[in-house]
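Undergrad: Mapped onto this note's numbering, the consecutive letters of the sequence shown carry residue numbers 8 to 339. For glycine and all other residues, C-beta sits at the position ideal for the given N, C-alpha and C. Keep in mind it's a predicted model, so treat the numbers as computed, not measured. The following block contains the structure, expressed as structure tokens.
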Amino acid sequence: VVEGFVTATNKYYPQYMRELLGMAHGANIPFHEMFLISYGVELYALTANKTKNEADSCSDILVNQPKKKAVIIGHNEDNSPLIQNKSYILTASVLEDGLILEQFTVYCYPGILPGNAFGFNNHGIITTVNGLYPKSVLIGRVGRSFINRAMLASKNLTDALSKAKTPGTYGFSCNIGIFNGAPDSRPHLYNIEVAPDVAAQVTITDVIEVLPSYEKQQSPAMDNVIAGNYFHVNMYRRLVLPEISDHITSSRHRTARIQQYKDPNSADDVKRILGDSKDNKYPIYRSPRPSDNETTLATVLFDLQQCVMSVYTDRPSSSIGPLFTLNLPCSR
């Protein structure tokens with residue numbers, strides 16, 4: 008099984024295999040261990056859910072209301088409390104023969120390739136990732152973490168979609184914000200769902216755009232669009248396929264709680280939802296408890312109109328302010 012993963016990854020993304028090898032050398036960890044960590048979600052699924060009761064998880068709120076000065080992606084980065092204060096922000100330039108191939112700023116985990124949480128690049132692309140947990144795994148394909156790494160380097164939506172369609176082994180969702188380079192020179196928001204189709208042995212994708220409400224009203228027959236706002240957690244919303252039930256319990260609860268809110272129209276609305284802990288068993292803003300062993304490590308708000316990324320490490324709805332802000336490299 009692992010040999011098939013190695014062969015496929017070397018075929019499609021040899022540059023990121025070299026990147027992982029460099030990380031392994033720098034950390035003085037055997038490469039095969041780093042590689043297995045990169046395929047953690049796939050290997051968990053292959054063990055028939057005997058190793059973990061609840062999966063690593065995240066929540067995203069997308070708002071596209073430019074007339075209300077709100078074009079926002081909000082994202083809770085959830086993971087094990089054991090990694091609290093061990094994650095980091097990386098700003099990197101990838102060079103080859105003196106040429107800059109990639110430039111990005113990204114939230115990273117130790118031992119994991121960049122691109123598997125949230126970040127942005129010099130082309131004006133934002134990515135935030137939601138893990139998804141289908142029951143099926145395609146053997147001999149590329150793992151989620153490598154595809155997410157490739158999508159971090161996307162030059163535009165077409166490039167991102169092409170990378171999402173890499174013959175993959177598993178599933179994920181990626182929220183994409185475009186703040187530079189669109190033909191109409193305005194921000195755009197998208198959500199992509201990716202899944203393995205075992206019967207056809209292919210990767211399937213579903214893409215929607217979150218349009219401003221007034222545009223949807225002007226063109227009500229438009230397909231694959233949502234008006235005004237959207238959310239995504241760690242279960243499929245549009246593609247239909249069997250999922251690991253124990254891995255989406257929290258997502259079911261978070262979905263129910265998000266749907267109790269009025270449609271968000273501002274950054275404060277997004278922070279209020281992402282900071283919500285009213286569900287005592289499986290809250291949106293998470294902290295370890297008997298029913299839910301995950302914690303919210305960070306909350307990020309990308310403001311695509313003001314061109315700012317704000318990162319919180321406390322509850323965003325009651326915080327006195329972000330831990331830090333970074334300017335997005337907007338060209339407009």
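By the 10 Å Cβ neighbour count, where 16 or more other Cβ atoms means buried, how is ILE215 classified, buried or exposed?
TA: On the sequence shown, residue 215 is found 208 positions in, with the first residue counted as 1. Per the 10 Å Cβ criterion, buried.
Undergrad: Under a Cβ-count criterion, where at least 16 other Cβ atoms within 10 Å of its own Cβ denotes burial, should VAL144 be classed as buried or exposed?
TA: Position 137 of the sequence shown holds residue 144. Buried, because 16 or more other Cβ atoms sit within 10 Å of the Cβ of VAL144.
Undergrad: Within its chain, find whatever has a CB closer than 8 Å to the CB of ALA355; leave out the 5 residues flanking it on each side and keep chain order.
TA: Because the chain in this structure spans residues 8 to 339, residue 355 falls outside the shown range and cannot be described.
Undergrad: Please report the Cβ distance between ALA202 and PRO249, rounded to the nearest whole angstrom; I am assuming they are in contact, meaning their Cβ atoms lie under 8 Å.
TA: As a first step, residue 202 must be located in the sequence shown, where it is residue number 195. As a first step, residue 249 must be located in the sequence shown, where it is residue number 242. No, ALA202 and PRO249 are not in contact; Cβ-Cβ is about 10 Å, not under 8 Å.
Undergrad: Could you check where the alpha helix (DSSP H) with MET158 kicks off and where it finishes?
TA: The count along the sequence shown starts at 1 and reaches residue 158 at position 151. Element bounds for MET158: 151–159.
Undergrad: Please name the residue, chosen from ILE185, PRO194 and ASN272, that lies closest to ASN163 on a Cα-to-Cα basis.
TA: Taking the first residue of the sequence shown as position 1, residue 163 is located at position 156. Selected option, being the one with the closest Cα: ILE185.
Undergrad: Grab me the residues of VAL217's own chain with a C-beta within less than 6 Å of its C-beta, minus the 5 sequence neighbours each way, in chain order.
TA: Within the sequence shown, residue 217 is the residue found at index 210, counting from 1. Same-chain partners within the cutoff: LEU69, ASN71, LEU196, ILE233 and TYR237.
Undergrad: I think SER338 touches ASN187, with their Cβ atoms under 8 Å apart; what is that distance to the nearest whole Å?
TA: Numbered from its first residue, the sequence shown carries residue 338 at position 331. Numbered from its first residue, the sequence shown carries residue 187 at position 180. Contact flag correct, Cβ pair sits at about 5 Å.
Undergrad: List the whole-angstrom C-beta distance separating VAL48 from GLY138, where the pair is believed to meet the contact cut-off of C-beta under 8 Å.
TA: Mapped onto the sequence shown, residue 48 falls at position 41. Mapped onto the sequence shown, residue 138 falls at position 131. Confirmed, Cβ separation roughly 6 Å.
Undergrad: In chain order, which continuous runs of the alpha helix (DSSP H) of length 4 or greater are located wholly inside the segment 188–248?
TA: Runs of the alpha helix (DSSP H) inside the segment 188–248: 220–225.
Undergrad: In three-state DSSP terms, what is PHE179?
TA: Reading the sequence shown from its first residue, position 172 is the one you call residue 179. Strand.
Undergrad: Of the choices THR302, GLU200 and PRO297, whose alpha-carbon is the least far from that of LEU281?
TA: Within the sequence shown, numbered from 1, the residue matching residue 281 stands at position 274. Among THR302, GLU200 and PRO297, the Cα nearest to that of LEU281 belongs to THR302.
Undergrad: Measuring only the C-alpha atoms, how far is ASP3 from ASP276?
TA: There is simply no residue 3 to check, as the chain begins at 8 and stops at 339 in what is shown.
Undergrad: My understanding is that ALA171 touches CYS181, with C-beta atoms under 8 Å, so please give their C-beta distance in whole angstroms.
TA: To locate residue 171, count along the sequence shown from 1; it is residue 164. To locate residue 181, count along the sequence shown from 1; it is residue 174. About 7 Å; that satisfies the 8 Å criterion.
Undergrad: Here's the rule I'm using: 16 or more other beta-carbon atoms within 10 Å means buried, otherwise exposed. How should ILE133 be labelled?
TA: Here residue 133 refers to the residue found at position 126 of the sequence shown. Per the 10 Å Cβ criterion, buried.
Undergrad: Where does ALA99 fall in DSSP's three states?
TA: Here residue 99 is taken as the residue at index 92 of the sequence shown, counted from 1. DSSP places ALA99 in strand when its eight states are reduced to three.
Undergrad: Which residues in the same chain have their Cβ closer than 7 Å to the Cβ of MET41, if we skip the five residues on either side of it in sequence?
TA: On the sequence shown, residue 41 is found 34 positions in, with the first residue counted as 1. Result list for MET41: LEU27, MET30, ALA31 and GLY118, in chain order.
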